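What follows is a set of notes on a single structure, which appears directly below.
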Amino acid sequence: MGDELDALTSQLSSGFQVDPAALGEHPRYSQFKNLSKAAEQQAKRREETLERQKNGRFDKMMKLRNLAFDDTTSEEEDADGFVEVKSKAANKKNKFGRYADKLMLSEWLVDIPDSLSTEWTMVMAPTGKRCLVVASRGYTTSYNKAGRQLGQFQSRLPGGNSRSKNQSWTILDCIYANQVYHVLDVLTWNAHEFAENPYDFRQFMLKSKLDEQPELATPTAGFRTTFVAAPSAPCSKEQMEELMKTEIDFRLDGLLFYHKSVIYEPGQSPLVGWLKPWMLPEILSVTI
């Protein structure tokens, strides 16, 4: 079990990862003979997911609170502001189960929806470690997809430092690279739950909260890690091309595509697409 988790951590370190079921070549570039069928199936899954999310209410509040208020353990920080976690094997097993498979993951973008330019957002994904960040009880802790605790540190996130430990909690979906957490999505901020809100509202709230606390993007001696929103743009051809011209200070791994109505649910979602940068010209006719 430990070796498998170490292997997964190594994979996460080498780049952003979609769900294992979606790894491999994009159907357009593989030996998959019936591309149109794959696109049709993805479109159908999108419709079914949207309908289910419209008609269903998801009881996530207590689950998110349980994640936020799990017991935390602090050890001596390393030079990067991270903490090596040295808890007992039994405790590790329980923690892995609690935090495993909580991230919303993508599929290859195979079917290009007619509503792409009006109902979808493209997000730049840096090469780094995909993680769930939980700030509560005075600590900020990151977990990989398997639920393994990657590090623990003090941050300015609500609930993530000793001054706010009794006041709040925050849960974010991030990619970590070079002491920067590039925030993809927000599940909870300052005890306000957003997972059941549509993506466009979550993004509005995320950017508003980050703008309200510009100090989150500035490293200091006490808070060495920073939090910034991952660059994004609506999926019109012009705006996607403009985003691809943007100067960035990280290595770009790929592009995520979020439907504006997608609710945050753990697991792979047909309402979240994934392409490598070199695929944009052929698949979306976007110049890079």
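With the sequence shown counted from 1, adding 253 to any position gets you the numbering used here. We put the beta carbon where it would ideally sit given N, CA and C, even for glycine. Treat the numbers as computed from the prediction; the structure is a model and nothing was measured.
Residue i and residue j closer than 9 Å at C-beta
i: Q407; j: G391; result: yes
i: Y396; j: Y352; result: yes
i: N443; j: G412; result: yes
i: P487; j: M375; result: yes
i: K297; j: L356; result: no
i: W422; j: S370; result: no
i: L469; j: F480; result: yes
DSSP three-state assignment for residue i, whether helix, strand or coil
i: D506; result: strand
i: S267; result: Because the pLDDT at S267 is just 37, under 50, the model does not fix this residue reliably, and the value given afterwards should be weighed accordingly. Three-state result, S267: helix.
i: V525; result: strand
i: V338; result: Unreliable placement is indicated for V338, whose pLDDT of 41 sits below 50; no coordinate value is reported for it.
i: L533; result: helix
i: F406; result: strand
i: L437; result: strand
i: A486; result: strand
i: D480; result: First, the residue type needs correcting, since residue 480 is Phe and not Asp in the sequence shown. In this structure, F480 counts as strand in the three-state DSSP scheme.
i: G350; result: helix
i: E446; result: strand
i: Y517; result: coil
Backbone CA spacing between residue i and residue j [nearest angstrom]
i: R409; j: Q456; result: 19 Å
i: D506; j: V436; result: 15 Å
i: G475; j: K307; result: 44 Å
i: E366; j: L537; result: According to the sequence shown, residue 366 is Pro rather than Glu. C-alpha separation (whole angstroms): 11 Å.
i: E494; j: V539; result: 6 Å
i: M532; j: R416; result: 46 Å
i: Q420; j: R281; result: 50 Å
i: L358; j: K513; result: 15 Å
i: F510; j: Q521; result: 13 Å
i: E300; j: P523; result: 9 Å
i: P530; j: S485; result: 14 Å
i: I424; j: A378; result: 19 Å
i: R477; j: L459; result: 21 Å
i: A291; j: G526; result: 14 Å
i: E465; j: S368; result: 32 Å
i: W373; j: C384; result: 23 Å
i: Y429; j: T380; result: 8 Å
i: I516; j: T471; result: 30 Å
i: D426; j: V439; result: 6 Å
i: N431; j: Q295; result: 35 Å
i: G400; j: A448; result: 19 Å
i: N414; j: H445; result: 18 Å
i: A483; j: S489; result: 18 Å
i: L288; j: L528; result: 16 Å
i: Q492; j: T394; result: 35 Å
i: Q405; j: E500; result: 30 Å
i: I541; j: T302; result: 31 Å
i: E293; j: V387; result: 37 Å
i: D354; j: Y452; result: 19 Å
i: R504; j: H279; result: 21 Å
i: L508; j: T441; result: 24 Å
i: E518; j: P467; result: 28 Å
Burial state of residue i (16 or more Cβ within 10 Å)
i: E337; result: With a pLDDT of 39 at E337, under the threshold of 50, the modelled position of that residue is not reliable, and no figure is offered here.
i: W361; result: buried
i: R305; result: exposed
i: F454; result: exposed
i: G350; result: exposed
i: K382; result: buried
i: D502; result: exposed
i: K498; result: exposed
i: T473; result: exposed
i: K462; result: buried
i: D364; result: buried
Margin query: I'd like the ranges of any alpha helix (DSSP H) spanning at least 4 consecutive residues and lying wholly in the stretch 356-431.
Written below: The DSSP assignment places complete alpha helix (DSSP H) segments of no fewer than 4 residues inside the stretch 356-431 at 369-372, in order along the chain.
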